[in-house]
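Enquirer: Residue numbers (our numbering): 4 to 496.
So this is what it looks like as structure tokens:
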């Protein structure tokens, strides 16, 4: 019998990965392509949807060739995607009417401020689990419909499609025959009602969005149509798994039971706690979303999102020119003066959870005459751990359950200094898996299980390196208190 393979596509902020998994769920090959980060003089952050779709078509032959497999043996596809990034495209051609608005971009803040002044914040958060913010697709899609010439009128006539990157890619990959999204992505749009599990017409109305034009919401292991990747495959194969990237990582990490927590360290970060089938509204600055929907049942999560974590390392490298690689950040952080009290609060595009201050500006405080390159680099690395500690602390308070471990993934988890600090500050073990591709793997496993190739109880076992708390409690409290004081300087302005 020939081998069978599952294809995973992980469409993320910086680029796209194609992942091929064998019949045992092991990674056979991975190929990556970056896409341009489009930033204009107003600070608008955009992506070219055509470029991203084109990269996927390039990646599939690349990963098949790298794995040296027969493309006929690929049986299904799973897709994970950058979540809140929003795109509007033409119904007939499938082409975007404008560059996608990236999740980091706050260009829709005036729309949000108007809705907040009109008193809609409480209603929106109650129904969607998310406070009004320009980072979510409701406001981003509204901005595109208002600011792209002719879009508003064309949208009213039903000539446009809009949504998150998963629904756009599904539409393109299936030749316009499938216009769908899954529960995880829908729950992040600020247009989806967590109680009725449907698009909310009232919320759509205040954003100026007709929710009847939004994609059909399906189980995360639903049938999302078929694709042959523009003729590359000899026959079409089904898309059977779709998850927002953070949800894919939660699933891939095996956090399938209530109380389990994962943190994805990417450009930004998503920290998620599985809270099961009962909705919990946060009282500590977190949001409530859907983890996923499987076979007609949903699970909820508490989540905190951070705008700048791994992106802080990129800032050190590309803008400040203080380091040449992420590895150098680790060595400099370890070499820094341990008595230095410099803190960086990376509010370059505002502060996300648990503070939610959109107009916050970044700051560096606590410097002395002896603060130098190493100390600044360490402050940048440390701020990643401090921000995630804020979220983990809030989760424990909201869910009223002790957190016994933190499962982590993403590029910065290769930094032992950062991982040890994370364990010290949270006071719990931090577990780093050997595999790196958790988001794409989660979506691929979802598809493979639905297809019948994988058994859930067999494929989620993985080796993990564990970091345990070792910092003296008094030192931990002192350092964390300094962080909170630094943040307060921004919040008080």
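Ideal placement from N, C-alpha and C gives every residue a C-beta, glycine not left out.
Counting pairs of beta carbons, one from the segment 372–380 and one from the segment 228–242, are three or more of them closer than 8 Å?
Expert: The segment 372–380 vs the segment 228–242: no contact.
Enquirer: Alpha carbon to alpha carbon, how far is residue 223 from residue 281? Give it in angstroms, no decimals.
Expert: One-based indexing of the chain shown puts residue 281 at position 278. One-based indexing of the chain shown puts residue 223 at position 220. Taking the straight line from one Cα to the other gives about 18 Å.
Enquirer: Give every residue of the same chain whose Cβ lies closer than 7 Å to the Cβ of residue 246, excluding the five residues on either side of it in the sequence, and list them in chain order.
Expert: Position 243 of the chain shown, counted from the first residue, corresponds to residue 246. Contacts found: 83, 185, 187, 223, 254, 295, 445, 446 and 449.
Enquirer: Mind checking residue 120: buried by the 16 CB within 10 Å criterion, or exposed?
Expert: Residue numbering aside, residue 120 sits at position 117 when the chain shown is read from its first letter. It is exposed - the Cβ of residue 120 has fewer than 16 other Cβ atoms within 10 Å.
Enquirer: Does DSSP put residue 303 in a helix, in a strand, or in coil?
Expert: As a first step, residue 303 must be located in the chain shown, where it is residue number 300. Strand at residue 303.
Enquirer: Are there 16 or more other CB atoms within 10 angstroms of the CB of residue 149, so buried, or fewer, so exposed?
Expert: What you label residue 149 is simply residue 146 of the chain shown in a count that begins at 1. Burial call: exposed.
Enquirer: Flag this pair as touching only if the segment 187–203 and the segment 68–76 have three or more C-beta atom pairs under 8 Å; answer yes or no.
Expert: Contact fails: fewer than three Cβ-Cβ distances are below 8 Å.
Enquirer: Measuring straight from C-alpha to C-alpha, what distance separates residue 101 and residue 406?
Expert: Walking along the chain shown from the start, residue 101 turns up at place 98. Walking along the chain shown from the start, residue 406 turns up at place 403. So the alpha carbons of these two residues sit roughly 43 Å apart.
Enquirer: What's the gap between the Cα of residue 353 and the Cα of residue 240?
Expert: On the chain shown, position 350 is the one that residue 353 refers to. On the chain shown, position 237 is the one that residue 240 refers to. Cα to Cα, the separation comes out at about 42 Å.
Enquirer: Helix, strand or coil for residue 276 per DSSP?
Expert: The residue you call residue 276 lines up with position 273 of the chain shown. In the structure shown, residue 276 sits in a strand (DSSP, three-state: E or B).
Enquirer: Does DSSP classify residue 380 as helix, strand or coil?
Expert: Numbered from its first residue, the chain shown carries residue 380 at position 377. Reduced to three states, the DSSP call for residue 380 is helix.
Enquirer: Any contact of the segment 451–459 with the segment 411–425, i.e. 3+ C-beta pairs under 8 Å?
Expert: As far as the Cβ criterion goes, the segment 451–459 does not touch the segment 411–425, which means the pair count is below three.
Enquirer: As a quick exercise: from 164, 62 and 209, pick the residue whose alpha carbon is nearest that of residue 135.
Expert: Counting from 1 along the chain shown, the entry for residue 135 is found at position 132. If we check each option's Cα against that of residue 135, 209 comes out closest.
Enquirer: Assuming contact is defined by CB atoms lying nearer than 8 Å, are residue 235 and residue 63 in contact in what I supplied?
Expert: Along the chain shown, read from residue 1 onward, the residue named residue 235 stands at position 232. Along the chain shown, read from residue 1 onward, the residue named residue 63 stands at position 60. Yes, the pair counts as a contact, with Cβ atoms nearer than the cut-off.
Enquirer: Straight-line CA distance for residue 130 to residue 360?
Expert: Counted from its first residue, the chain shown places residue 130 at position 127. Counted from its first residue, the chain shown places residue 360 at position 357. Approximately 21 Å between the Cα atoms of the pair.
Enquirer: In or out: residue 436 buried (at least 16 other Cβ within 10 Å) or exposed?
Expert: Here residue 436 refers to the residue found at position 433 of the chain shown. Burial call: buried.
Enquirer: Am I right that residue 411 and residue 336 are in contact with their C-beta atoms under 8 Å? What's the rounded C-beta distance?
Expert: Numbered from 1 along the chain shown, position 408 holds the residue referred to as residue 411. Numbered from 1 along the chain shown, position 333 holds the residue referred to as residue 336. Not confirmed; about 17 Å, so no contact.
Enquirer: Figure out for me which residue from 179, 32 and 133 has the closest Cα to the Cα of residue 99.
Expert: Counted from its first residue, the chain shown places residue 99 at position 96. Ranking 179, 32 and 133 by Cα distance to residue 99 puts 179 first.
Enquirer: Under 8 Å, do residue 312 and residue 272 count as touching if we go by C-beta distance?
Expert: As a working note, residue 312 is residue 309 in the chain shown. As a working note, residue 272 is residue 269 in the chain shown. In contact: residue 312 and residue 272 (Cβ atoms closer than 8 Å).
Enquirer: Could you give the DSSP three-state label for residue 1: helix, strand or coil?
Expert: With the chain running from 4 to 496 in the structure shown, residue 1 is simply not present.
Enquirer: Could you check which residue in 40, 140, 216 and 118 has the C-alpha nearest to that of residue 160?
Expert: The count along the chain shown starts at 1 and reaches residue 160 at position 157. The shortest C-alpha separation from residue 160 is found at 216.
Enquirer: Could you tell me which residues DSSP pairs with residue 266 in its beta bridges?
Expert: For the purposes of this step, residue 266 is identified with residue 263 of the chain shown, where counting begins at 1. According to DSSP, which records beta bridges pairwise, residue 266 is partnered with 274 and 411.
Enquirer: In terms of residues, what are the limits of the beta strand (DSSP E) holding residue 497?
Expert: No answer is possible for residue 497: it lies beyond the span of the chain, which begins at 4 and ends at 496.
Enquirer: So, using beta-carbon positions, are residue 493 and residue 348 closer together than 8 Å?
Expert: Here the question's residue 493 lines up with position 490 in the chain shown. Here the question's residue 348 lines up with position 345 in the chain shown. Yes, the Cβ-Cβ distance between residue 493 and residue 348 is below 8 Å.
Enquirer: When you compare each of 127, 267, 466 and 175 to residue 2 by their alpha carbons, which one comes out closest?
Expert: Examination of residue 2 is not possible in this model, given that the chain is present from 4 through 496 alone.
Enquirer: Cα separation between residue 270 and residue 310?
Expert: For the purposes of this step, residue 270 is taken as the residue at position 267 of the chain shown. For the purposes of this step, residue 310 is taken as the residue at position 307 of the chain shown. Distance between the alpha carbons of residue 270 and residue 310 is about 8 Å.
Enquirer: So what does DSSP say about residue 457, is it helix, strand or coil?
Expert: As a first step, residue 457 is located in the chain shown; it is residue number 454 there, counting from the start. Residue 457: coil per DSSP, three-state reduction.
Enquirer: Beta carbon of residue 38, beta carbon of residue 88: below 8 Å?
Expert: Here residue 38 refers to the residue found at position 35 when the chain shown is read from its first residue. Here residue 88 refers to the residue found at position 85 when the chain shown is read from its first residue. No, these two residues do not count as a Cβ contact at 8 Å.
Enquirer: Determine the DSSP secondary structure at residue 232, reduced to helix, strand or coil.
Expert: Translated into positions along the chain shown, residue 232 becomes position 229. DSSP places residue 232 in coil when its eight states are reduced to three.
Enquirer: Within 8 Å, do at least three Cβ pairs link the segment 360–370 to the segment 387–403?
Expert: No, they do not touch.
Enquirer: Compare the beta carbon distance of residue 157 and residue 182 with 8 Å and say whether it is the shorter of the two.
Expert: For the purposes of this step, residue 157 is taken as the residue at position 154 of the chain shown. For the purposes of this step, residue 182 is taken as the residue at position 179 of the chain shown. The answer is no: Cβ separation not under 8 Å.
Enquirer: How far does the beta strand (DSSP E) with residue 184 in it extend, from its first residue to its last?
Expert: The residue you call residue 184 lines up with position 181 of the chain shown. That run of the beta strand (DSSP E) goes 183–185.
Enquirer: Just to confirm, is the Cβ distance from residue 78 to residue 21 under 8 Å?
Expert: As a position in the chain shown, residue 78 is number 75, starting the count at 1. As a position in the chain shown, residue 21 is number 18, starting the count at 1. Against a cut-off of 8 Å, the Cβ pair of residue 21 and residue 78 comes out as no contact.
Enquirer: For a test of the three-state rule: what should DSSP assign to residue 398, helix, strand or coil?
Expert: For this step, residue 398 is matched to residue 395 along the chain shown. Three-state result, residue 398: helix.
Enquirer: Taking residue 52 and residue 103 to be in contact with their CB atoms under 8 Å, please state how far apart those CB atoms are, rounded to whole angstroms.
Expert: Here residue 52 is taken as the residue at index 49 of the chain shown, counted from 1. Here residue 103 is taken as the residue at index 100 of the chain shown, counted from 1. Residue 52 to residue 103, Cβ: 5 Å. Contact.
Enquirer: Would you please state the rounded distance, in angstroms, between the beta carbons of residue 81 and residue 11? I believe it to be under 8 Å.
Expert: Within the chain shown, the letter at position 78 stands for residue 81. Within the chain shown, the letter at position 8 stands for residue 11. That belief holds up - the Cβ atoms of residue 81 and residue 11 are roughly 5 Å apart, short of 8 Å.
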